[in-house]
Amino acid sequence: MGIDDKDLLDRFLRYVQIDTESDVHSDSCPSSEKQWNLIYFLERELKELGLKDVSVTEFGYVLASVPSNSKKKDAPQIAFLAHVDTADACRGCAKPIVHRKYDGSPIVLPDDQSQELTKEAIPLLSEKIGEDIITASGTTLLGADDKAGVAIIMSMVKYLVDHPEIIHGPVRICFNPDEEIGRGMNKLELSELNAVAAYTLDSEHTGEIDFETFSADQAVLEIEGVAAHPGSAKGVLVNALRAAASVLEKIPKDLFPEEVDGRNGFIHPLEITGTSEKAIIRFIIRDFELDGLDEKRELLKTIVKSLKAKSKLTITPQYRNMRYWLEKDFTPVDYARQAIKRAGLKPYSEAVRGGTDGSRLTERGLPTPNIFTGFHNIHSPKEWISLQDMILSATTLVHLVQIWEENS
Ligand SMILES: [Zn+2]
Numbered sequence: 007m008g009i010d011d012k013d014l015l016d017r018f019l020r021y022v023q024i025d026t027e028s029d030v031h032s033d034s035c036p037s038s039e040k041q042w043n044l045i046y047f048l049e050r051e052l053k054e055l056g057l058k059d060v061s062v063t064e065f066g067y068v069l070a071s072v073p074s075n076s077k078k079k080d081a082p083q084i085a086f087l088a089h090v091d092t093a094d095a096c097r098g099c100a101k102p103i104v105h106r107k108y109d110g111s112p113i114v115l116p117d118d119q120s121q122e123l124t125k126e127a128i129p130l131l132s133e134k135i136g137e138d139i140i141t142a143s144g145t146t147l148l149g150a151d152d153k154a155g156v157a158i159i160m161s162m163v164k165y166l167v168d169h170p171e172i173i174h175g176p177v178r179i180c181f182n183p184d185e186e187i188g189r190g191m192n193k194l195e196l197s198e199l200n201a202v203a204a205y206t207l208d209s210e211h212t213g214e215i216d217f218e219t220f221s222a223d224q225a226v227l228e229i230e231g232v233a234a235h236p237g238s239a240k241g242v243l244v245n246a247l248r249a250a251a252s253v254l255e256k257i258p259k260d261l262f263p264e265e266v267d268g269r270n271g272f273i274h275p276l277e278i279t280g281t282s283e284k285a286i287i288r289f290i291i292r293d294f295e296l297d298g299l300d301e302k303r304e305l306l307k308t309i310v311k312s313l314k315a316k317s318k319l320t321i322t323p324q325y326r327n328m329r330y331w332l333e334k335d336f337t338p339v340d341y342a343r344q345a346i347k348r349a350g351l352k353p354y355s356e357a358v359r360g361g362t363d364g365s366r367l368t369e370r371g372l373p374t375p376n377i378f379t380g381f382h383n384i385h386s387p388k389e390w391i392s393l394q395d396m397i398l399s400a401t402t403l404v405h406l407v408q409i410w411e412e413n414s
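In case it helps, our numbering puts the sequence shown at residues 7 to 414.
Written out as structure tokens, the structure reads:
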């Protein structure tokens, strides 16, 4: 199958040059004005590809469909999503550099020559010799997370439009804002996708199809002390700061995120503010399993109960491991694995130590595993991607829409 590599590369280079950093301190959606630049750009490009129903919602979601060309009336609608925003690290407009036919020597980024990509530091680069590697210039992110996902989906759309002999059911496209600040799906109705399954294009390694994420809660602990003049405080003063410190002190080391990996969860204090009268600690709690999450919640409650100071602990759920829903019906993952094989790759899955837009959609009733894009070293100036890996991802998507149609 011949995905148009020049078209895919040109799209990717266009998108990464548009600054779309999201802003956690803003309440609007999109959280930053600048995301609209890419949102309207994509709306125009989808129209140029000939899609008829392109729309942009008031919250900045770009939606469009590739109509079914299948004779089967019940071929199900499948959706593909990618996020337009980038993380708030190494800010600025990316100046992408294409390192054609990478020869294995160190890649030095010109705007900050201390930024060097070498095979020694990044062993995966050894597998990419001869490929076209794209990096930023040293001072900014590349933004392949997730403009690679956007470019790959656009490339699939172009392929389906140019190749009517490829038979597929209805395909829905959605580009969304604000994934990086955990609000990517807040303003999207499932009815706007109207699909039986969806896929985010927001995962790393070639062949990867992820269906497991953390389950996540957040906790806010408010501690009230008792004020007194320190000169005559004996037996009266209760210091909220000392109580806060004692809570942190009692969390066992094997629950620190800096001490664990693999399938182990953690309790992570994010922020502590206060005075001797009142202190607030914000935590995030993570575990792959719900009973693991329960245990960590209970532990925090027990620690808080032991406080002499008056306190209030509020725990709220954030997202849940998508495996709980997907294991009831593994079809979307199975079809993705078949598509990855047809693209000539070996499918593999990883339990993601984080959440995705797909965790929220899956929990709300739309199964949404996460497919690879080929991006690496994301959220850093050394972010890089191989054009050939993006082509493999787009090829996987073209196989995937056919597999859904074949099985309908
Ligand atoms: Zn991402």
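Just so it is clear, CB atoms sit at the ideal spot from N, CA and C, and this is done for glycine as well.
A quick note: this is a predicted structure, and the numbers were derived from the prediction, not measured.
Mapping DSSP to helix, strand and coil, what is residue i?
i, result
"Asp-138", "coil"
"Glu-122", "strand"
"Gln-83", "coil"
"Thr-206", "strand"
"Tyr-108", "coil"
"His-174", "coil"
"Tyr-67", "coil"
"Thr-379", "coil"
"Ser-365", "helix"
"Glu-333", "coil"
"Lys-318", "strand"
"Pro-338", "helix"
"Pro-129", "helix"
"Asp-184", "coil"
"Asp-16", "helix"
"Thr-401", "helix"
"Glu-218", "strand"
"Ala-93", "coil"
"Ile-9", "coil"
"Thr-197", "It should be pointed out that residue 197 corresponds to Ser in this sequence rather than to Thr. Helix, per DSSP."
"Ile-229", "strand"
"Ser-312", "coil"
"Ala-88", "strand"
"Ala-349", "coil"
"Pro-384", "Note that residue 384 corresponds to Ile in the displayed sequence, not to Pro. Note: Ile-384 maps to coil in three-state DSSP."
"Ser-5", "With the chain covering only 7 through 414, there is no way to say anything about residue 5."
"Asp-395", "helix"
"Ala-150", "helix"
"Asp-223", "strand"
State buried or exposed for residue i, treating a residue as buried only when at least 16 other CB atoms are found within 10 Å of its CB.
i, result
"Ile-179", "buried"
"Asn-200", "exposed"
"Lys-302", "buried"
"Thr-362", "buried"
"Arg-343", "buried"
"Gln-41", "buried"
"Asp-395", "buried"
"Met-328", "buried"
"Leu-276", "exposed"
"Ala-127", "exposed"
"Val-167", "exposed"
"Phe-294", "buried"
"Asp-297", "exposed"
"Asp-151", "buried"
"His-385", "exposed"
"Ser-312", "exposed"
"Gln-119", "exposed"
"Tyr-108", "buried"
"Met-7", "exposed"
"Gly-380", "buried"
Please report the Cβ distance between residue i and residue j, rounded to the nearest whole angstrom; I am assuming they are in contact, meaning their Cβ atoms lie under 8 Å.
i, j, result
"Ser-37", "Ser-28", "5 Å"
"Leu-196", "Arg-370", "6 Å"
"Thr-143", "Leu-115", "For clarity, residue 143 is Ser in the given sequence; the question names Thr instead. The pair is a contact, with the Cβ atoms about 6 Å apart (cut-off 8 Å)."
"Leu-148", "Glu-389", "4 Å"
"Ser-414", "Lys-78", "5 Å"
"Leu-55", "Val-177", "12 Å between Cβ atoms; not a contact."
"Ile-215", "Ser-355", "6 Å"
"Leu-247", "Ser-282", "5 Å"
"Arg-366", "Tyr-325", "6 Å"
So, does the CB of residue i fall closer than 7 Å to a CB anywhere in chain D?
i, result
"Leu-276", "This model lacks chain D altogether, as it is built from one protein chain only."
Verify the contact flag: residue i, CB atom, against every heavy atom of ligand 3, threshold strictly below 6 Å.
i, result
"Asp-29", "By its list of ligands, the structure shown excludes ligand 3, since it contains just ligand 1."
Runs of 4 residues minimum, wholly inside the segment 233-296: which ones carry the alpha helix (DSSP H) assignment? The DSSP assignment places complete alpha helix (DSSP H) segments of no fewer than 4 residues inside the segment 233-296 at 246-256, in order along the chain.
Are at least three pairs of beta-carbons, each pair with one atom in the segment 134-147 and one in the segment 67-84, less than 8 Å apart? With the cut-off at 8 Å, the segment 134-147 and the segment 67-84 do not touch.
Could you check whether the segment 267-274 touches the segment 235-253, counting it as contact only if at least three pairs of C-beta atoms, one from each stretch, sit closer than 8 Å? Using a Cβ-Cβ distance cut-off of 8 Å, the segment 267-274 and the segment 235-253 are not in contact, since fewer than three pairs of beta carbons, one from each stretch, lie closer than that value.
Does the count of Cβ pairs from the segment 213-233 and the segment 312-321 closer than 8 Å reach three? Counting C-beta pairs with one atom in each stretch, the segment 213-233 and the segment 312-321 have three or more that are closer than 8 Å, which means they touch.
Contact between the segment 254-262 and the segment 167-183: three or more CB pairs below 8 Å? Counting C-beta pairs closer than 8 Å gives fewer than three between the segment 254-262 and the segment 167-183, which falls short of the contact rule.
If you pair each beta-carbon of the segment 93-103 with each one of the segment 139-156, do three or more pairs fall below 8 Å? Three or more Cβ pairs closer than 8 Å define a contact, and the segment 93-103 meets that threshold against the segment 139-156.
Report the start-end ranges of each alpha helix (DSSP H) in the segment 20-64 that is 4 residues or longer and not cut off at the edges. DSSP runs (the alpha helix (DSSP H)) wholly in the segment 20-64: 41-54.
Is the segment 159-173 in contact with the segment 59-66, if contact means three or more CB pairs nearer than 8 Å? As far as the Cβ criterion goes, the segment 159-173 does not touch the segment 59-66, which means the pair count is below three.
Do the segment 394-413 and the segment 201-215 meet, that is, are 3 or more Cβ pairs less than 8 Å apart? Of all C-beta pairs linking the segment 394-413 to the segment 201-215, three or more are shorter than 8 Å, placing the two stretches in contact.
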